[in-house]
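Asks: My structure is below; once you've seen it, I'll send some questions.
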Amino acid sequence: MPLTRSKSLPATENGGSDSGRSVAGILYKWTNYGKGWRSRWFLLRDGILSYSKIRRPENVNLLSPSEDLRLIGDISTDRFSRMKSCSGRSRRKHHKTIGIVHLKQVSSYRESKSDHRKFYIFTATKTLHLRTDSRSDRAAWLQALASTRGIVPLQSISGEFSFVSPKDLSISTERLKKRLLEEGMNESLVKECEQIVDSEFSEVQEQIKLLHEERTKLLNALRQLEMANLEAETSGIHDDVYELRNLKYSSLPRGKYSECSTSASSDGKLEFEDITEEDDASFHDTKESFSEPDVGSVHTHFKRRTKLPDPAEKQRGVSLWSMIKDNVGKDLTRVCLPVYFNEPISSLQKCFEDLEYSYLLDQAYEYGKSGNSLLRALNVAAFAVSGYASTEGRHCKPFNPLLGETYEADFPEKGIRFFSEKVSHHPTVIACHCEGKGWKFSGDTNLRSKFWGRSIQLEPVGILTLEFDDGETFQWSKVTTTIYNILLGKLYCDHHGVMQIRGNRQYSCTLKFKEQSILDRNPHQVNGFVEDVTGKKAATVFGKWNDSLYYVAGDGLNKGSASLLWKATKPPPNVTRYNLTSFAMTLNELTPGLEEKLPPTDSRLRPDQRHLENGEYEKANEEKQRLERRQRMSRQIQESGWRPRWFEPQGESESYKYTGGYWEARDDKSWDDCPNIFGEFTEEVVDCA
Ligand SMILES: CC(C)CCC[C@@H](C)[C@H]1CC[C@H]2[C@@H]3CC=C4C[C@@H](O)CC[C@]4(C)[C@H]3CC[C@]12C
2 MPLTRSKSLP ATENGGSDSG RSVAGILYKW TNYGKGWRSR WFLLRDGILS
52 YSKIRRPENV NLLSPSEDLR LIGDISTDRF SRMKSCSGRS RRKHHKTIGI
102 VHLKQVSSYR ESKSDHRKFY IFTATKTLHL RTDSRSDRAA WLQALASTRG
152 IVPLQSISGE FSFVSPKDLS ISTERLKKRL LEEGMNESLV KECEQIVDSE
202 FSEVQEQIKL LHEERTKLLN ALRQLEMANL EAETSGIHDD VYELRNLKYS
252 SLPRGKYSEC STSASSDGKL EFEDITEEDD ASFHDTKESF SEPDVGSVHT
302 HFKRRTKLPD PAEKQRGVSL WSMIKDNVGK DLTRVCLPVY FNEPISSLQK
352 CFEDLEYSYL LDQAYEYGKS GNSLLRALNV AAFAVSGYAS TEGRHCKPFN
402 PLLGETYEAD FPEKGIRFFS EKVSHHPTVI ACHCEGKGWK FSGDTNLRSK
452 FWGRSIQLEP VGILTLEFDD GETFQWSKVT TTIYNILLGK LYCDHHGVMQ
502 IRGNRQYSCT LKFKEQSILD RNPHQVNGFV EDVTGKKAAT VFGKWNDSLY
552 YVAGDGLNKG SASLLWKATK PPPNVTRYNL TSFAMTLNEL TPGLEEKLPP
602 TDSRLRPDQR HLENGEYEKA NEEKQRLERR QRMSRQIQES GWRPRWFEPQ
652 GESESYKYTG GYWEARDDKS WDDCPNIFGE FTEEVVDCA
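What follows is the structure, given as structure tokens:
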């Protein structure tokens with residue numbers, strides 16, 4: 002029973018639109034390097050593209066008895082049998098759908114420029130690489146995708162099935178009357194018959210009316226549900242009750258990290274030390290008490306910038322793959338990446354990005370002070386999640402600071418000041434310390450990374466400590482971050498694992514960052530709870546790390562009455578390819594009068610990073626290479642007894658504590674013991690370091 006090859010008709014030849022039709026056919030889908038291109042049965046129906054292992058030909062017409070199905074490409078039996086014998090699997094298996102893409106979620110699709118049979122479908126989390134047999138088949142698929150995109154299934158419910166409203170329904174007894182009279186029945190009897198029929202009918206009409214009302218209600222409910230679903234997909238969950246009080250002052254810190262150092266993996270997996278140099282960052286906690294009145298007492302008289310400088314040169318496009326492919330066979334850990342892969346932010350500054358929502362800690366402090374320990378714990382949890390929001394859409398590497406490089410952030414408008422230093426190069430550790438109104442935050446992080454071929458997994462080592470002035474403390478560690486699509490497709494990162502926020506008093510919190518699965522319709526989810534010392538759940542927390550966090554008191558069975566804890570700010574209007582948040586854009590700014598106050602070790606003075614920010618790529622690259630040469634001597638410097646200037650290692654624990662004195666030294670401009678790490682260096686520098 003050979004099936005004929007259907008021509009790929011443009012949508013218009015089919016009465017205007019393909020919207021109501023299903024389209025199906027065989028496409029080759031790129032799977033992985035091991036298996037390469039695999040043929041799959043693709044079906045596009047109601048805005049959903051699904052694919053399965055190959056169907057048998059006799060099923061092609063049986064998808065659904067009345068379905069208007071258009072086939073694209075060669076669907077001859079011959080081809081099926083060929084495929085069948087290739088796969089050699091049992092028939093049953095072939096029916097299972099193995100992938101689904103909702104066209105609502107498709108961000109774009111495009112044809113390959115180099116191969117006339119290939120095209121790509123991009124969703125937020127995945128790219129499908131597809132190939133047809135011919136250029137015209139590709140055109141037909143793209144056309145089908147274009148015409149199906151945006152159909153809302155409800156259209157068909159309310160459209161096709163819609164029927165006349167019950168009040169327009171009527172019957173006529175004329176024919177009955179005529180017939181009965183023909184039979185010679187007397188008029189009064191005929192009238193009685195007519196009345197019986199009428200009353201029976203009005204009962205039916207009543208029932209239809211009820212059904213109609215019910216149907217209208219149902220449709221409305223469905224519409225609302227779909228709206229809610231759409232909203233939830235785009236933004237998270239709606240805020241019902243709680244209006245976030247955005248306190249004017251704010252505070253605090255936390256840390257992040259930056260580049261990758263690698264650790265050996267015993268199971269034969271590729272190791273990855275850091276594609277460029279090596280880096281790690283760290284956080285540290287300190288019990289240091291801080292001279293309070295300074296924070297936030299001075300007000301900034303300048304406005305921070307809202308965009309990065311316009312690039313001086315045009316950016317050259319370099320793909321990561323083009324860099325790596327030239328190094329095939331070489332040790333991947335030694336591949337040096339040019340500055341095009343960097344963002345104009347150093348890891349020291351990136352740590353401060355975690356403090357964007359420091360007002361949550363100010364709120365936490367206030368709640369605790371007024372006796373509401375639960376809301377204190379909840380705000381701390383929201384703070385711990387909020388730091389991840391800025392990682393969305395970022396795919397460039399922060400600069401790996403030089404040993405001894407520092408970064409200060411004085412933000413009186415937020416009521417905080419932050420300081421970080423790169424305290425070790427082998428392993429890379431960054432320590433930070435931040436003071437806010439009523440609290441202090443500190444930590445050190447060292448990232449362990451594993452290279453898995455197509456993804457890199459980063460595991461932060463180190464503890465973050467938050468200490469309120471009233472003695473309550475919370476400690477936690479960051480979860481694992483995986484960077485996907487290193488070689489192919491769109492690079493993105495996801496955070497997953499369990500975060501335990503341990504408090505020293507009544508409440509602690511456990512948060513689970515859900516690992517994203519392929520084609521996940523609801524990525525970035527975070528769920529958890531706050532429990533008291535007896536282990537009783539006091540509140541349930543849920544949301545998304547890139548968007549918002551909500552809580553419900555108790556065990557969280559009633560999500561309807563959730564209250565908003567934190568909502569991420571919108572991306573800025575002036576995004577660049579770095580996708581920095583508005584806050585991140587201000588971090589490398591040399592605000593008026595600042596340069597004279599900075600020590601020579603501050604990240605803002607790092608020349609390659611400054612050139613990159615200005616879009617002077619050639620100069621940036623030259624300087625980067627120069628500083629990397631210096632960086633290579635770091636191990637030697639460290640081994641010859643170098644000590645961090647502002648932090649102190651804590652025994653064997655590999656953690657660091659702020660020794661204090663930075664802001665005081667800044668007041669006196671006493672930077673004499675801070676080496677000019679970005680300047681020309683000689684062996685001398687090494688000696689005196
Ligand atoms: C392969 C290279 C060129 C591209 C990778 C670049 C980007 C995606 C990588 C490089 C360094 C990474 C960051 C390193 C450290 C941390 C701290 C961690 O607690 C949260 C994630 C975060 C903030 C990572 C996010 C992703 C990141 C910014």
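Numbering (our numbering), first residue to last: 2 to 690. The beta carbon of each residue, even a glycine, is placed where N, CA and C say it ideally should be.
#1: State buried or exposed for Glu681, treating a residue as buried only when at least 16 other CB atoms are found within 10 Å of its CB.
#2: Would you mind giving the Cβ-Cβ distance between Ser549 and Lys568, rounded to the nearest angstrom? I have them listed as a contact below 8 angstroms.
#3: In three-state terms, what does DSSP make of Leu70?
#4: Quick check: the Cα distance between Ser51 and Phe342, rounded to an integer number of angstroms?
#5: Tell me the DSSP bridge mates of Cys352?
#6: Answer yes or no: do Ala563 and Val553 have a C-beta to C-beta separation smaller than 7 angstroms?
#7: Quick check on the burial criterion: 16 or more other C-beta atoms within 10 angstroms. Buried or exposed for Pro593?
#8: Using three-state DSSP, classify Met586 as helix, strand or coil.
#9: Taking the alpha helix (DSSP H) that Lys625 belongs to, which residues open and close that run?
#10: Can you list, in chain order, the residues of its chain whose CB lies under 6 angstroms from that of Lys625, leaving out five sequence neighbours each side?
#11: So, for Phe412: in the same chain, excluding its five sequence neighbours on each side, which residues have a beta-carbon less than 7 angstroms away from its beta-carbon?
#12: Can you give me the Cβ contacts of Gly616 inside the same chain, cut-off strictly under 6 angstroms, excluding the 5 residues immediately before and after it?
#13: Which value, in whole angstroms, describes the spacing of the CA atoms of Thr133 and Lys545?
#14: Between the alpha carbons of Leu70 and Ser135, how many angstroms are there, rounded?
#15: Helix, strand or coil for Glu665 per DSSP?
#16: Determine the DSSP secondary structure at Ala390, reduced to helix, strand or coil.
#17: Looking at Ile464 and Ala382, is the spacing between their C-beta atoms short of 7 angstroms?
#18: Quick one: grab the DSSP three-state call for Asn528.
#19: Quick check: is the beta carbon of Ala539 nearer than 7 angstroms to any beta carbon in chain D?
#20: Taking 6 angstroms as the cut-off, does the CB of Cys352 come closer than this to any heavy atom belonging to ligand 1?
#21: How would you write the range of the beta strand (DSSP E) that Pro399 sits in, first residue to last?
#22: Below 7 angstroms CB to CB, which residues in the same chain sit around Gln526 once its five sequence neighbours on both sides are set aside?
#23: Which whole-angstrom value is the C-beta distance of Gly74 and Gly26, which I expect to be below 8 angstroms?
#24: Based on the DSSP secondary-structure assignment, which residues constitute the bridge partners of Arg111?
#25: With DSSP as the reference, label Gly680 as helix, strand or coil.
#26: By Cβ distance below 8 angstroms, which residues in the same chain neighbour Phe303 in space, the five residues on each side in sequence not counted?
#27: How about Thr577 and Leu146: are their beta carbons less than 7 angstroms apart?
#28: Our contact map puts Ser456 next to Thr483 with C-beta atoms below 8 angstroms; I'd like the distance itself, whole angstroms only.
#29: The beta strand (DSSP E) that contains Glu468, what's its start and end?
#30: Measuring alpha carbon to alpha carbon, tell me which residue in Asp603, Asn486, Thr429 and Tyr657 is nearest Arg633.
#31: Rounded to whole angstroms, what's the CA-CA distance from Arg216 to Leu520? Just pull it up for me.
#32: Between which two residues does the beta strand (DSSP E) holding Glu183 run?
#33: Have a look at Leu131 and Ile55 and give me their C-alpha separation to the nearest angstrom.
#34: Answer with buried or exposed for Lys398, where buried requires no fewer than 16 other C-beta atoms within 10 angstroms of its C-beta.
#35: Please state the DSSP three-state secondary structure of Ala385.
#36: Should Gly472 and Ser359 be called a contact, given that it needs their Cβ atoms to be closer than 7 angstroms?
Replies: According to the structure data:
#1: exposed
#2: 4 angstroms
#3: strand
#4: 35 angstroms
#5: Answer is none; Cys352 lacks a bridge partner.
#6: yes
#7: exposed
#8: helix
#9: Tyr618 to Arg633
#10: Val340 and Asp609
#11: Arg418
#12: Pro312, Ala313 and Glu314
#13: 37 angstroms
#14: 20 angstroms
#15: helix
#16: helix
#17: no
#18: strand
#19: This model lacks chain D altogether, as it is built from one protein chain only.
#20: no
#21: Lys398 to Phe400
#22: Lys515 and Lys545
#23: 4 angstroms
#24: Tyr121
#25: coil
#26: Thr592 and Pro593
#27: no
#28: 5 angstroms
#29: Leu465 to Phe469
#30: Thr429
#31: 33 angstroms
#32: Careful: Glu183 lies outside any beta strand (DSSP E), inside the alpha helix (DSSP H) at Glu175 to Glu183.
#33: 15 angstroms
#34: buried
#35: helix
#36: no
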